[in-house]
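Sequential numbering from 5 applies to the sequence shown in the working numbering. Structure first, commentary second.
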Amino acid sequence: MQHQSKLPHVGTTIFTVMSALAKEYNAINLSQGFPNYPSSQKLNDFVTKAMNNGYNQYAPMAGNLDLRLAISNKYQLLYDSTYHPEKEITVTAGATQAIYTIISAFIRANDEVIIFKPAYDCYQPAVEINGGKTIPIQLSAPDYKVDWNEVASKISPKIKMIIINTPHNPSGMIWSKDDMLQLQKLTKNTNIIVLSDEVYEHIVFDGEKHQSVCLFNDLKDRSFITASFGKTFHNTGWKIGYCCAPEALMAEFRKVHQFNVFSVHHPSQKGIADYMQDSETYLGLNQFFQQKRDLFLNLISESRFKFNPSKGTYFQVLDYSEITDENDVDFAKRLTKEFGIASIPLSVFNENNKDDKVLRFCFAKTPETLKKAADILNQV
Ligand code: PMP
Ligand code: GLN
């Protein structure tokens, strides 16, 4: 039998490749983004309680209502922004499913979607499998600033969607209020939908404020926000997330969601809803991760790696140009095999694999692991 691949250029993701290599060489794994400490006992207990209390059959298609209420309350509390729990919030199987479903609900053959590179790896294949085409805008190390004149020059009637991501994986940069105002201005009087991937909204450092699309009224009207409880509550394996959007957009989203997923793991949803009643569970994360960032950076301050401290996410990019001129994929592999530390090379997320000689390290790790990792990096 013969078939033609719908995604001929797609192989295994770099996260899977580097995590497998880390395992094979018994290396410290700072590549794929996941914590190496346990999920909260209190949260685990709430999920267990939900199972024992009978939350074991299908959740409503849009998600457990207690959880949607808790999410709605969070937007009110943090951004003074209203999302109706019944009509404007849907619980998904992680942010990945929300992103995929948003794209399939709106992107048709030959539609164009602007993405900013380095871009998280799930955006482009989702656009392409739906017959669309991505229009890349390459940002440059070390500050990954957006040139809004370039964005303006790429806007055309073919652009159906713009995908943004702040705080940004993999660079650790955040968008400013001015960036959001520029985006709002450029999309005004268009039919462009904005997909705002905000999975790291609770991980922003140095007293900065997360600039959610929901803070900007015109932007909010055309935007989906995607979010991940895996990132927020230290359990990436649970794969629960959600998205928010104005009612008319959400109605289209649900037409697809009900046939590709219908509803997601019910006891986790109820457990998370109970856990979120205490807002400290998410408000404390900025400080929690800032301590980890600062510990990691202090420990490697004498190394030959150069860096600007990450402004958000639980990733730090390190420039190795003073160490070697090897390409970043080769160097990341060699660091894993010969030095015992795994990271993610940034070129895989760039246009034409642009190589700025930077690697991404995940610092969502115990102090002991960060110490061991730093000991290695200081010797490279
Ligand atoms: N977007 C970004 C920027 C991410 O880093 C990730 C990985 N957490 C996702 C989306 C996917 O999130 P999830 O694991 O909830 O599917
Ligand atoms: N979001 C995780 C990261 O950026 C990876 C998730 C995955 O392996 N697909 O490292």
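For every residue, glycine included, the Cβ atom is placed at its ideal position computed from N, Cα and C.
| Check | Outcome |
| --- | --- |
| Closest residue to Y124 among R72, F257 and V352 (Cα-Cα distance) | V352 |
| Supposed contact pair L223 and V198 - C-beta distance, whole angstroms, cut 8 Å | 6 Å |
| N290 versus S283 - alpha carbon distance | 13 Å |
| Cβ neighbours of L301 in the same chain (closer than 8 Å, five flanking residues each side left out) | F311, P313 and Q320 |
| Candidates F110, G316, A336 and G241, of which the one nearest Q215 by Cα | G316 |
| Ordered list of beta strand (DSSP E) runs contained in the region 196-240, each at least 3 residues | 197-201 and 227-232 |
| Closest Cα partner of M22 within the set A346, N354, L374 and K358 | A346 |
| Buried/exposed call for P12, threshold 16 Cβ in 10 Å | exposed |
| beta-carbon Y1 near ligand 1 non-hydrogen atom, thresh 6 Å | Any question about residue 1 goes unanswered here, given that the chain covers just 5 to 384. |
| Contacts around M280, its chain only, beta-carbon distance under 6 Å, and the 5 residues preceding and following it disregarded | A74 |
| Beta-carbon proximity check, Y83 vs L219, cutoff 7 Å | yes |
| Contacts around T285, its chain only, beta-carbon distance under 6 Å, and the 5 residues preceding and following it disregarded | Y279 |
| Nearest candidate by alpha-carbon position, reference Q101, set D115, P122, K91 and A130 | A130 |
| G37 CB to nearest heavy atom of ligand 2 below 6 Å | yes |
| Burial state of T105 (16 or more Cβ within 10 Å) | buried |
| Euclidean distance between Cα positions of S175 and H269 | 31 Å |
| T317, DSSP secondary structure in three states | coil |
| Cβ contact check for the region 241-260 and the region 331-350: 3 or more pairs under 8 Å | no |
| Residue environment, F293, which counts as buried when at least 16 other CB atoms sit within 10 Å | buried |
| Cβ contact check for the region 36-43 and the region 252-266: 3 or more pairs under 8 Å | no |
| Inter-residue Cα distance where the pair is E355 and S267 | 35 Å |
| Assumed close pair P371, L299 - CB separation to whole angstroms, cut-off 8 Å | 6 Å |
| Member of W179, I163 and Y127 whose CA lies at the smallest distance from the CA of D151 | W179 |
| Which listed residue (G37, D323 and I133) has its alpha carbon closest to that of H172 | G37 |
| Every unbroken alpha helix (DSSP H) inside the region 320-372 [4 residues or more] | 332-338 |
| Counted within 10 angstroms of its Cβ, other Cβ atoms place G98 as buried (16 or more) or exposed | buried |
| CB-CB length for S76 against P89, believed under 8 Å | 4 Å |
| V117 versus N134: straight-line alpha-carbon distance, rounded | 11 Å |
| Any non-hydrogen atom of ligand 1 closer than 6 Å to G241 Cβ | no |
| Nonlocal neighbours in the same chain, by C-beta distance under 7 Å from L25, ignoring five residues either side | K337, T340 and A346 |
| 3 or more residues per run - each beta strand (DSSP E) lying fully within the region 238-300 | 245-248 |
| Residue ranges of each beta strand (DSSP E) within the region 152-181, 3 or longer | 163-169 |
| Contact test: N173 Cβ vs ligand 2 heavy atom, cutoff 6 Å | yes |
| Identity of the residues DSSP links to K121 by a beta bridge | Q142 |
| Alpha-carbon spacing of F228 relative to K376, whole angstroms | 40 Å |
| Rounded straight-line distance, which links the Cα of S35 to that of T20 | 9 Å |
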